[in-house]
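Contents: one structure, followed by commentary.
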Amino acid sequence: MAEGQYDLMKLSITIMIVVLIVVFAIAVYVLIKFRRKKGQTEVPKQVEGNFKLEVIWTVIPLILVFILAVPTVQKIFAFGDDHYNDKNSLQVKVTSHQYWWEFEYPQYGVKTAQELMIPTGKNVAVELKTADVLHSFWVPSLSGKMDTNPDGTINRFAFSTNKEGVYRGKCAELCGASHGLMEFKVKAVSPESFKNWVTAMKAPAVLPKDQALAETFKKSCLSCHAVGDQGGPVGPNLTGIGSRESVAGILLNEGQDGGKPVKENLKTWLEDPQAVKPGNKMPAPKDLGLTDEQIDGIADYLANYKLNY
Numbered sequence: 001m002a003e004g005q006y007d008l009m010k011l012s013i014t015i016m017i018v019v020l021i022v023v024f025a026i027a028v029y030v031l032i033k034f035r036r037k038k039g040q041t042e043v044p045k046q047v048e049g050n051f052k053l054e055v056i057w058t059v060i061p062l063i064l065v066f067i068l069a070v071p072t073v074q075k076i077f078a079f080g081d082d083h084y085n086d087k088n089s090l091q092v093k094v095t096s097h098q099y100w101w102e103f104e105y106p107q108y109g110v111k112t113a114q115e116l117m118i119p120t121g122k123n124v125a126v127e128l129k130t131a132d133v134l135h136s137f138w139v140p141s142l143s144g145k146m147d148t149n150p151d152g153t154i155n156r157f158a159f160s161t162n163k164e165g166v167y168r169g170k171c172a173e174l175c176g177a178s179h180g181l182m183e184f185k186v187k188a189v190s191p192e193s194f195k196n197w198v199t200a201m202k203a204p205a206v207l208p209k210d211q212a213l214a215e216t217f218k219k220s221c222l223s224c225h226a227v228g229d230q231g232g233p234v235g236p237n238l239t240g241i242g243s244r245e246s247v248a249g250i251l252l253n254e255g256q257d258g259g260k261p262v263k264e265n266l267k268t269w270l271e272d273p274q275a276v277k278p279g280n281k282m283p284a285p286k287d288l289g290l291t292d293e294q295i296d297g298i299a300d301y302l303a304n305y306k307l308n309y
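According to the UniProt record's numbering, the residues represented by the sequence shown are 1 to 309, in order.
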């Protein structure tokens with residue numbers, strides 16, 4: 001979608017620049033060619049109308065309008081197709097929360113959070129809704145923004161990309177104290193890597209090897225979060241969080257510009273979630289009675305919970 005919009009902008013700007021150059025060139029030529037010469041006193045011959053010129057400056061703009069109108073109309077209809085009923089499209093249900101994003105793949109029975117994984121060369125049909133207030137889904141490099149509305153009003157649209165890479169997305173609608181921190185990533189990978197990712201996401205949960213830490217994790221974390229086939233649906237799904245590009249959408253991990261080790265970012269988040277994203281619903285682990293040692297153990301476990309794809 002974004003590429004199509006960009007192509008239309010390039011076409012319109014190119015036409016405007018060409019028209020500007022031609023008009024100014026004619027204006028400069030006329031100013032030089034027909035300027036009053038020294039000693040010239042007679043009035044130049046007055047001309048009323050010129051049929052050929054009138055045809056030219058009527059036909060050329062019509063041609064330019066046609067050149068702009070045809071691809072514009074084509075793109076408008078193309079952008080309006082949400083592809084949601086297309087069996088060849090990847091269906092993704094996006095649910096916005098204060099201040100995170102949930103992504104569900106109904107065709108595969110997979111849920112994840114904060115990082116939308118997509119295959120290249122395939123239409124991604126997105127269905128948008130919100131769990132609380134009005135938000136807006138926006139990935140500037142891939143698509144325009146689309147609101148996630150409250151009261152059950154669902155929006156749909158589609159986008160695609162042929163280039164592998166990580167695309168940054170944001171909430172584009174003021175939604176609360178951490179609106180500016182409500183970021184997510186879209187990660188485009190090869191179709192084969194996407195299939196491997198789905199398989200890895202559906203694998204049974206891998207819990208901490210330390211039995212005491214595993215029990216603490218189940219009691220304190222899995223009541224809200226999910227890993228693999230275990231846990232609750234309240235908070236972001238944590239399956240494979242160690243493989244993601246960021247923690248909480250904004251703490252960039254190693255490999256990104258200015259990124260830090262995954263474990264360090266996880267500890268930053270776990271030690272004080274409100275300091276990272278004011279107004280979010282996650283309680284501080286220390287308020288749940290977790291010790292520094294337990295928090296460090298959970299951060300280490302999650303940092304090493306990685307998916308191979």
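Where a beta carbon is used, it is the ideal one built from N, C-alpha and C, also for glycine.
In the three-state reduction of the DSSP assignment, I118 falls in the strand class, which pools E and B. Counting only the Cα atoms, I56 lies some 52 Å from L134. Taking C-beta atoms as the reference points, G242 and K145 fail to come closer than 8 Å. The alpha-carbon of D132 is positioned some 29 Å away from that of A205. Under the 10 Å beta carbon count, Q114 is surrounded by 16 or more other beta carbons and is classified as buried. The three-state secondary structure of K111, taken from DSSP, is strand. In the three-state scheme derived from DSSP, where H, G and I count as helix and E and B as strand, G228 is classed as coil. L302: not part of any beta strand (DSSP E); member of the alpha helix (DSSP H) spanning D292 to A303, first to last residue. Linking T161 to D292 through their CA atoms gives a straight-line distance of about 43 Å. In the structure shown, the three-state DSSP call for H83 is coil. The segment 170 to 189 and the segment 274 to 283 touch, with no fewer than 3 CB-CB distances between them shorter than 8 Å. For E215, the enclosing alpha helix (DSSP H) covers residues Q211 to S220. Remark: fewer than three beta-carbon pairs, one from each stretch, lie closer than 8 Å, so the segment 67 to 78 and the segment 100 to 109 are not flagged as touching.
Spatial neighbours of V19 in its own chain (CB-CB distance under 8 Å, excluding positions within 5 residues in sequence) are listed in chain order as L64.
Runs of the beta strand (DSSP E) spanning 3 or more residues and lying entirely within the segment 130 to 182 occur at 135 to 138, 146 to 148, 155 to 159 and 165 to 171, in chain order. Excluding residues up to 5 positions away in sequence, P278 and G279 lie with their Cβ nearer than 6 Å to the Cβ of A177 in the same chain. In this structure, T239 sits away from A188, with a CB-CB distance that is not shorter than 8 Å.
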